[in-house]
Amino acid sequence: MSRVLKVNNVTKYIEKKEIIKGISFNIEEGEILGFLGPNGAGKSTTLRMIVGLSKPSSGTIEICGASISTQYIKAMENVGCLIEGPDLYNFATGMKNLEMLSAMSKNISKEDILEVVRLVGLENRINDKVSTYSMGMRQRLGLAQALIHKPKLLILDEPTNGFDPQGIFEFREIIKDLVRHKNISVLISSHLISEIQLMCDKVSIINDGLIIKNAKVSDLLSSGTIYWVLDDPLKGQTLLKEKYKADLKIENNELMGNIDLEKIEEMNKYLIDEGIKLKYVGIKSLTLEELFLNLTEHHHIT
Amino acid sequence: MVSLIQNEITKIFLKKKMILIAILLIVLVGLFAYGEKYAYDKTISKFESSVSGASYDWKSLVNQQIEQLKGRVDSPYIPESAIQSINIQIEQLEYFVSHDLNPITPSTARFTVEFMEQSIILFLPLLIIILAADLISSEFSNRTIKLLLTRAVPRWKVLLSKYLALVMMTTMVILLIGIISGGVSRLFFGVWGFDEPIATGFKYIGGTLNSDSVIRITRLEYMFLVYALGWFVSIAIASITFMISALVRSTATAIGIIMASLIGGQFLQFFLSDWGIVKYFFVSNLNLIKYLTGSFQPIEGMSLVFSVLVLSVWSVVSLVISFFVFSKQDVLV
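The following block contains the structure:
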């Protein structure tokens, strides 16, 4: 696997305010990285630096091994992006929009354009003026623009804004398909945590200009909370505390806490032996949403 | 690079700007030509009624005009400064009569030149502003600038393609003015008059008109000269508008700034011509064609060469600023 994107210790000052405070992350070939953070955390600013719209104050960004500051053209050949909604010329047709864009890259044939139009499912309306498009269609055209020069890295900033549920589903399938069959790597920023959870392999949680967690989505979600439904939760709490030094709390008559999963069977047996009626035991896996809120709740815009 | 320029030209055409410019031209040229035809017919009927019985011929009409002007010079109510310019007019008319050059009868060639003379300080810049003002700022307000700057094309190339497209379109506007004013006025006047001779190059030395340096060329040649100057002025206006378009984020602001400079500049020149710095403002130097008549000096120390230099410096500086700002700035739209 080769490294498609390498962001190394990047900072960005805007009007003397430090917006990005030194962030680093990588994307390997065929990976989907989710970029998660509240408004104003610096997601967009970071993505803009990766696609060359603004320049980092310090630090380096490499795309497929080419630095965007010294080998700009080589780096940009490998990036396709959709930053904050589709940007289209309303006075032209969808086709004309794509043709004008294809003239800016080398070796894009008419067939390539038609292929990408089919891929995003716009073949019926591509010759209509963009001003007649719905939001979802504009977003599809925006995706086509990002893909037209066959980039190795696709950067999507809030890509599902404006889609209906059907559109979101289709969009997700298009992206997953691209990753599977064309080996494209994707960087997605989103405030829709469910999107990240459904699409991404890795997630970087960013807050206040810093990455506060880099992890695999599966790892993040596997740490869970055990809960018991007992006839006498108070007694259970005391018993488990004495024997296993477990730090448990009672919520809604449920006894819960973070427990080593391997000890569950032993604990259950102990509770039953002590005469407690055990109705139910289960694992509440943490959603990304809860995790996100836990990680960011102490950070406020300063 | 060629394909980038093609893109920019496509955008200008898709926005239907050339059609707008053509319509504006047709309407204005039509009004002008009609007005001139009307005035000419009236002059003739006035002449014929004043010289009862005599049939119209341009020499006697010019002589009559000279007499009228002389009468005005003698009048005690005419200020000294105006007398000078009237004297120049008289001398020029006398030169025309003695050299058998007809300054009266309207023709297509004459009208085409006159239209450019009249429009060069305001109407022509306005047409160029229509083309240039939103060239960059609209990419920002529509956010499409992100498309242009996230491709494997360096920023200076993007901007250069825009500028070259603008130069081409400006040239086309000049051609369009020539074609439309020529075509429409031919309908009104019925004569081409391109091979008519014309005298140009009068010099105004020490209060009298000097005709030593006068050269006689055909109206066609004169027209090319005038339109070349018009083209030069347009390129200067285009470059300055281009810079403003690169500096501001909204098309409305860009148009506001450039229109305010144009109109404000005319006022400056009118009211503050004593103030030396005014002559270095680009608006004071737009009327290049008027230098050809020889007697024109809007502000002490200005000449055709001076104005061409001032406009060139403004254009070059504008381009340098545009390229510097455009390639350095962070795009945050």
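Line order of the protein sequences matches chains A and B.
Heads up: the first sequence begins at 0 in numbering that gives the first Met the number 0, then just goes up one per residue.
Heads up: the second sequence begins at 0 in numbering that gives the first Met the number 0, then just goes up one per residue.
Note that the Cβ used here is the ideal one computed from N, Cα and C, for glycine as well.
Handout entry: Three-state class that DSSP yields for ALA21/B in the structure shown
Key = As a position in the second sequence, residue 21/B is number 22, starting the count at 1. It is helical.
Exercise for the section: Let me know if PHE170/A comes out buried or exposed under the rule of 16 or more other beta-carbons within 10 Å of its beta-carbon. Expected result: As a first step, residue 170/A is located in the first sequence; it is residue number 171 there, counting from the start. The Cβ neighbour count for PHE170/A, taken over all protein chains shown within 10 Å, is at least 16; the residue is labelled buried.
Exercise for the section: Compute the minimum distance between the beta carbon of LEU52/A and the heavy atoms of the ligand FAD, and state whether it is under 7 Å. Expected result: This structure lacks the ligand FAD, and indeed carries no ligand of any kind.
Problem - Rounded separation between SER140/B and ILE18/B - CA only - result: Taking the first residue of the second sequence as position 1, residue 140/B is located at position 141. Taking the first residue of the second sequence as position 1, residue 18/B is located at position 19. Going by the C-alpha atoms only, they are around 23 Å apart.
Problem - First through last residue of the beta strand (DSSP E) which encompasses GLY33/A - result: Against the first sequence, residue 33/A aligns to sequence position 34. Following the DSSP letters along the chain, one finds GLY33/A inside the beta strand (DSSP E) bounded by residues 31-35.
Practice task
Would you check if there are 3 or more beta carbon pairs closer than 8 Å linking the region 65-84 of chain A to the region 142-153 of chain A?
Solution key: At 8 Å Cβ cutoff, the stretches touch.
Exercise for the section: Compare the C-beta of ARG248/B with all C-beta atoms of chain A and state if any pair is closer than 8 Å. Expected result: On the second sequence, position 249 is the one that residue 248/B refers to. For ARG248/B, the closest Cβ of chain A is not nearer than 8 Å.
Practice task
Name, please, each residue of chain A whose Cβ falls closer than 9 Å to the Cβ of GLY152/B.
Solution key: Taking the first residue of the second sequence as 1, we reach residue 152/B at position 153. Rather than Gly, the amino acid found at residue 152/B in this sequence is Val. Chain-order list of chain A residues neighbouring VAL152/B: ILE72, MET75, MET103, SER104, by C-beta distance under 9 Å.
Handout entry: Helix, strand or coil at SER133/A [DSSP, three-state]
Key = For the purposes of this step, residue 133/A is taken as the residue at position 134 of the first sequence. Residue state, collapsed to three classes: coil.
Handout entry: Any alpha helix (DSSP H) of 4 or more consecutive residues that is wholly inside the region 170-206 of chain B
Key = List check, alpha helix (DSSP H) in window: nothing returned.
Exercise for the section: Please classify THR149/B: does DSSP put it in a helix, a strand, or coil? Expected result: Position 150 of the second sequence, counted from the start, is the residue given in the question as residue 149/B. Annotated three-state conformation of THR149/B is coil, per DSSP.
Practice task
Would you kindly work out how many angstroms separate the C-alpha atoms of ILE4/B and ALA164/B, rounded to a whole number?
Solution key: Taking the first residue of the second sequence as 1, we reach residue 4/B at position 5. Taking the first residue of the second sequence as 1, we reach residue 164/B at position 165. Roughly 6 Å separates the two Cα atoms.
Handout entry: Buried versus exposed, by CB contacts within 10 Å (16 or more), PHE409/B
Key = With chain B represented from 0 up to 332, any question about residue 409/B goes unanswered, as that position is not in the structure.
Problem - Where LEU100/A meets chain B, residues with beta-carbon distance less than 8 Å - result: Locating residue 100/A in the first sequence gives position 101, where the first residue counts as 1. Chain B residues near LEU100/A: LEU146, ARG150.
Exercise for the section: Please classify ARG124/A: is it buried, with 16 or more other beta-carbons within 10 angstroms of its beta-carbon, or exposed? Expected result: Taking the first residue of the first sequence as position 1, residue 124/A is located at position 125. Flag for ARG124/A reads buried.
Problem - Reduced DSSP category for SER43/A - H, G, I as helix; E, B as strand; rest coil - result: The residue you call residue 43/A lines up with position 44 of the first sequence. The three-state reading of DSSP puts SER43/A in helix, counting H, G and I together.
Practice task
Assign ARG124/A to one of three DSSP states: helix, strand, or coil.
Solution key: To locate residue 124/A, count along the first sequence from 1; it is residue 125. Reduced to three states, the DSSP call for ARG124/A is coil.
Handout entry: Against chain A: residues of the region 1-12 of chain B by CB proximity under 8 Å
Key = Along the region 1-12 of chain B, the positions whose C-beta sits under 8 Å from a C-beta of chain A are SER2, LEU3, GLN5, ASN6, THR9, LYS10, read in chain order.
Exercise for the section: Report yes if the CB atom of SER56/A is closer than 8 Å to the CB atom of THR10/A, and no otherwise. Expected result: Within the first sequence, residue 56/A is the residue found at index 57, counting from 1. Within the first sequence, residue 10/A is the residue found at index 11, counting from 1. Taking 8 Å as the Cβ cut-off, SER56/A and THR10/A qualify as a contacting pair.
Practice task
For the beta strand (DSSP E) containing LEU212/B, list its first residue and its last residue.
Solution key: Start at 1 with the first residue of the second sequence, and residue 212/B comes out as number 213. Looking at the sequence shown, residue 212/B is not Leu but Ser. First-last for SER212/B: undefined, no H or E at that position.
Handout entry: Contact set for PHE34/A: own chain, Cβ-Cβ below 7 Å, skip 5 residues either direction
Key = As a working mapping, residue 34/A is identified with position 35 in the first sequence. For PHE34/A, where only same-chain residues beyond five positions count, the Cβ hits under 7 Å are LYS42, LEU186, ILE187, SER188, SER203, ILE205.
Handout entry: Meets three-Cβ-pair contact criterion under 8 Å: the region 309-317 of chain B and the region 228-235 of chain B
Key = With the cut-off at 8 Å, the region 309-317 of chain B and the region 228-235 of chain B touch.
Problem - Close Cβ partners of THR104/B (< 7 Å) along its chain, the five nearest in sequence each way excluded - result: Counted from its first residue, the second sequence places residue 104/B at position 105. The beta carbon of THR104/B sits closer than 7 Å to those of TRP57, all from its chain and outside the five residues before and after it, given in chain order.
Exercise for the section: Mind reading off the beta-carbon distance from GLN144/A to LEU177/A? Whole number of angstroms is fine, and I expect it under 8 Å. Expected result: Taking the first residue of the first sequence as 1, we reach residue 144/A at position 145. Taking the first residue of the first sequence as 1, we reach residue 177/A at position 178. At roughly 14 Å, the Cβ-Cβ gap does not stay under 8 Å, so GLN144/A and LEU177/A are not in contact.
Exercise for the section: Answer yes or no: does any C-beta atom of chain A fall closer than 8 Å to that of THR331/B? Expected result: As a working mapping, residue 331/B is identified with position 332 in the second sequence. Going by the sequence as given, residue 331/B is Leu instead of Thr. It does; some Cβ of chain A falls within 8 Å.
Practice task
Under the assumption that MET242/B contacts SER321/B (Cβ atoms under 8 Å), give the Cβ distance between them as a whole number of angstroms.
Solution key: As a first step, residue 242/B is located in the second sequence; it is residue number 243 there, counting from the start. As a first step, residue 321/B is located in the second sequence; it is residue number 322 there, counting from the start. Rounded to the nearest angstrom, the Cβ distance from MET242/B to SER321/B is 5 Å, consistent with a contact under 8 Å.
Problem - Whole-angstrom distance between VAL72/B and ASN86/B, CA atom to CA atom - result: In the second sequence, counting from the first residue as 1, residue 86/B sits at position 87. In the second sequence, counting from the first residue as 1, residue 72/B sits at position 73. Answer to the nearest angstrom: the Cα atoms are 8 Å apart.
Exercise for the section: Would you list, in sequence order, the uninterrupted alpha helix (DSSP H) runs of no fewer than 4 residues that lie entirely inside the region 54-116 of chain A? Expected result: Every alpha helix (DSSP H) of 4 residues or more that sits fully in the region 54-116 of chain A is shown, in chain order, as 71-75, 93-101.
Problem - Minimum length 3: unbroken beta strand (DSSP E) runs contained in the region 152-177 of chain A - result: As for any beta strand (DSSP E) of minimum length 3 sitting wholly inside the region 152-177 of chain A, the runs are 152-156, ordered along the chain.
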